[in-house]
Every structure is written in C-alpha cells, then in structure tokens.
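Notes follow once the structure below has been shown.
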C-alpha cells in the first residue's frame, strides 16, 4: 500500500495519505494530518472507491471512519461506514470491516501490526 507524505509551511502540520483495503474489498484512502512528523494523527478523513455508504439523515452526510474495536474484539482496526456532521461521526459496529493487510506497512498507522490478515492496535492504541 502506498504512502505519500508532505510538509506544510503554513502551520498546518504534516499531511500523509495512506491507501488501504478492508475485508469487504473496498479500496480506500486515509488522509492524516499530524502536528509534527512523529505526533499522533490530529485528524483524518477516509474515502473509499465505489463504496456504497450508509443512509444518513438530511443533517449529516455518508462517510467512512477508522475505528479500533474494543478489547474483547481484539483491538482490530476497522473501516466503518458512518454518518458525518462537521467533525463528528456516528456508526454502528455492524457497519465496520477490518482493515486487511499482508504486512505492517498496510495498516495505516505506524503502531498497528498485521496479524492473521487484519490490522491490530496493541492495547487499543494505533497512532
């Protein structure tokens, strides 16, 4: 999966684009913004090619969101079909699919590791 990095001189921090695939076969792209090269992602946006997004109310728009499953589900990194309103999003766990991987480099976040074809965030922390 590809990684593209760029640094902004306008005080916007470091921007990264990471491609990934989820277990439903959706080809997606996560756009991450960091305050510095080694800082956790301050914001993210996810888009998926040709993916049908969920139905949302007229106040919100369909989107995708990366989420870490709870401990009982193994802290798997998931791509969730969501509804977004401003910087907030909502989704149901049933609408989430694991981020698929062949190696750690496929896992969007540096601290995520590839285990049995799924990205996992140790102790629930990916960034």
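Numbering (my numbering), first residue to last: 836 to 962. For glycine and all other residues, C-beta sits at the position ideal for the given N, C-alpha and C. Predicted model, so just to flag it, every value in this text is computed and none were measured.
Indicate the three-state DSSP secondary structure (helix, strand or coil) for residue i in the structure shown.
| i | result |
| --- | --- |
| residue 880 | strand |
| residue 984 | Nothing about residue 984 can be read from this structure; the chain reaches only from 836 to 962. |
| residue 923 | strand |
| residue 962 | coil |
| residue 940 | helix |
| residue 894 | coil |
| residue 871 | coil |
Since residue i and residue j are thought to touch, with beta carbons under 8 Å apart, how far apart are those beta carbons, to the nearest angstrom?
| i | j | result |
| --- | --- | --- |
| residue 903 | residue 959 | 5 Å |
| residue 884 | residue 934 | With 8 Å as the limit, residue 884 and residue 934 do not qualify as a contact, their Cβ atoms being about 15 Å apart. |
| residue 941 | residue 855 | 6 Å |
Considering only C-alpha positions, which residue in the set the options is nearest to residue i?
| i | options | result |
| --- | --- | --- |
| residue 946 | 954, 931, 915 and 962 | 962 |
| residue 906 | 956, 850 and 849 | 956 |
| residue 893 | 920, 869, 916 and 871 | 920 |
| residue 895 | 864, 866 and 918 | 918 |
| residue 952 | 867, 911 and 927 | 911 |
The beta strand (DSSP E) with residue i in it runs from where to where?
| i | result |
| --- | --- |
| residue 854 | 849 to 857 |
| residue 950 | 947 to 950 |
| residue 953 | 953 to 956 |
Buried or exposed: residue i, going by 16 or more other Cβ atoms within 10 Å of its Cβ?
| i | result |
| --- | --- |
| residue 899 | buried |
| residue 914 | buried |
| residue 916 | buried |
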